[in-house]
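A short write-up of the structure that comes next.
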Amino acid sequence: MPRGDSLPTVWERPPHTKAKHDILTRYLGAWFGIFGRSRYHRAVNVLDGFAGPGRYDEDEPGSPVLTLSTLLDHRSFPDFGDTNFTFVFNEWDDARYASLKVVLADVQASRAPWPKTVRVLDRNQNFQDLARELLGSIPAGKQLAPTFAFIDPFGYKDVPMALIRDLVSHPSCELFIYFDFNSVNRFANAGNVDPHFTALFGCDDYKNAPAADDGRGQYIHDLYERQLRQECNFAHICSFEMVNMSGHTGSYLFFCTRDDQAYDKMKEAMWKLAPGGGYRFDDRLANQDVLFGDEANTGPLQDELAHHFAGQRVTFEEVCQYVVTKTPFHSGQVKTKTLKPMQAAGRISAPNQKKKGTFPDGTLIEFPALTS
Ligand SMILES: C[S@@+](CC[C@H](N)C(=O)[O-])C[C@H]1O[C@@H](n2cnc3c(N)ncnc32)[C@H](O)[C@@H]1O
């Protein structure tokens, strides 16, 4: 099938692609660690629906190589026992698919003997056909094994909300999906690609996007998030903004899950890339780490906790659960970065604490009532 973009078979890797890969591999490292050792799941799937040619023009690895390496190089891989991992890599363009096959063969040859528990399937289909085929292959009444679906198209075509909804309808399915903000921002009210946008969103509310100075960007972002939440029934969604060389938002990556721990791990992966907590990567600032502070500012979280738990005595676990499920922060930021300075500032007390500034499980935390 001819490609619908203007790029060569193998193209240059822009900085935001490296950022996307860093989030992907950080998260999958945690995800493999959880499911590899799970007593409840014997099989796990990774679906890379828009896999690309497997490499970039200076031989940087593409997502298929990265996801496989994240598993095979995982320090706990020897402990994953007989958990079966199936990777499906799909690429529609023939020349890119041919490249992908070569890359995958090289990976497998370089890691002989290939582990029996790791199955690699390559496909050369339109994603929509593949998704329908996968759905059709699940026997009635059976649940799909935990599946991480990475949906990474170039644009807005071939990722209709209704199909995504069906694909990730099983409880342990997660979605990491590219959202072509730039195109929607440009053409939402133009009327020239409405059938594609209506399929993308699963509704036509995008036509009501306000003007740029009236919150257009936020409206479009929030509409896609709302549709993912409502249509696909996800409990947690976080997004990461990619800013292009011209300083405009090019795209977002949306991560969607029904699992608290998974949500926590993905937020942690995203914070690592944007330590200031902005959930955003700017191509213009790539390689200029010096511009970023590497400390999260937990001031807003401290205020939020003081407000939310005012006048209550709760356990550390309750505080942590709140942070993970209701705020943009993650569990690794609760103890030393948030509760410790709150205690030092006299904003909380911990009656059963053994050592000041430490908060092991079971620690009780008292938040004083707020005086108005
Ligand atoms: C953004 S690139 C993928 C990059 C890759 N995921 C990575 O991170 O290295 C999108 C790929 O999807 C392919 N593609 C375009 N339309 C497709 C479709 N309908 N189904 C499957 N693949 C498609 C393109 O040829 C391109 O290689």
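Be aware that the sequence shown starts at 45, since it is given in the numbering used here, and climbs by one per residue.
Beta carbons are placed, not taken as given, at the ideal position from N, Cα and C, and that holds for glycine.
Distance between beta carbons of Asp-303 and Pro-59, contact taken as under 8 Å: That pair is no contact at about 30 Å.
Heavy atom of ligand 1 within 7 Å of Gly-96 beta-carbon: yes
Member of His-85, Asn-89 and Gly-80 whose CA lies at the smallest distance from the CA of His-118: Gly-80
Backbone CA spacing between His-240 and Phe-198 [nearest angstrom]: 14 Å
Lys-160 classed as buried or exposed, judged by whether at least 16 other C-beta atoms fall within 10 angstroms: exposed
Straight-line Cα distance separating Ser-416 from Asp-405: 32 Å
C-beta contact flag for Ser-107 and Gly-96 at 8 Å: yes
Thr-342, DSSP secondary structure in three states: coil
Residue from Ala-63, Ala-255 and Val-228 with nearest C-alpha to Ala-243: Val-228
Proximity test, Pro-385 beta-carbon vs ligand 1 heavy atom, cut-off 7 Å: no
Cβ pair count under 8 Å reaching 3, the segment 101 to 116 against the segment 249 to 263: no
Pairwise C-alpha distance: Asn-168 and Tyr-141: 6 Å
Segment limits, alpha helix (DSSP H) that includes Cys-300: First-last for Cys-300: 293 to 301, but that is the beta strand (DSSP E), not the alpha helix (DSSP H).
Beta-carbon proximity of Leu-211 to Val-162, cut-off 8 Å: no
Reduced DSSP category for Ala-206 - H, G, I as helix; E, B as strand; rest coil: helix
Residues near Gly-263 in its chain [Cβ-Cβ closer than 7 Å; skip 5 each side]: The sequence given here places Tyr at residue 263; Gly does not occur at that position. So the list reads Ala-253 and Pro-254, once near-sequence residues are dropped.
Cβ-Cβ distance between Met-314 and Phe-278 below 8 Å: no
His-60 Cβ short of 7 Å to ligand 1 heavy atom set: no
For Ser-290, the three-state DSSP class (helix, strand or coil): coil
Sufficient close CB pairs (3 or more, under 8 Å) joining the segment 379 to 399 to the segment 341 to 361: yes
For Tyr-222: DSSP bridge partner residues: Leu-297
Segment limits, alpha helix (DSSP H) that includes Glu-410: Segment 408 to 410 is the beta strand (DSSP E) holding Glu-410; no alpha helix (DSSP H) there.
Close beta carbons around Arg-155, own chain, < 8 Å, minus the five adjacent residues each side: Leu-116
Member of Pro-412, Leu-178, Phe-121 and Gln-377 whose CA lies at the smallest distance from the CA of Gly-77: Phe-121
Rounded separation between Val-109 and Leu-68 - CA only: 12 Å
Classification of Gly-98 by the beta-carbon crowding that lies within 10 angstroms, buried from 16 upward: buried
Contact under 8 Å by Cβ, Phe-245 with Leu-91: no
For Phe-192, the residue or residues it bridges with in DSSP: Val-90 and Glu-218
Where Tyr-84 falls, given that 16 or more other Cβ within 10 Å makes a residue buried: exposed
Where His-65 falls: helix, strand or coil (DSSP): helix
Beta carbon of Leu-179 nearer than 8 Å to that of Val-132: no
Segments of 3+ residues assigned as beta strand (DSSP E) that fall wholly inside the segment 315 to 395: 324 to 326 and 357 to 359
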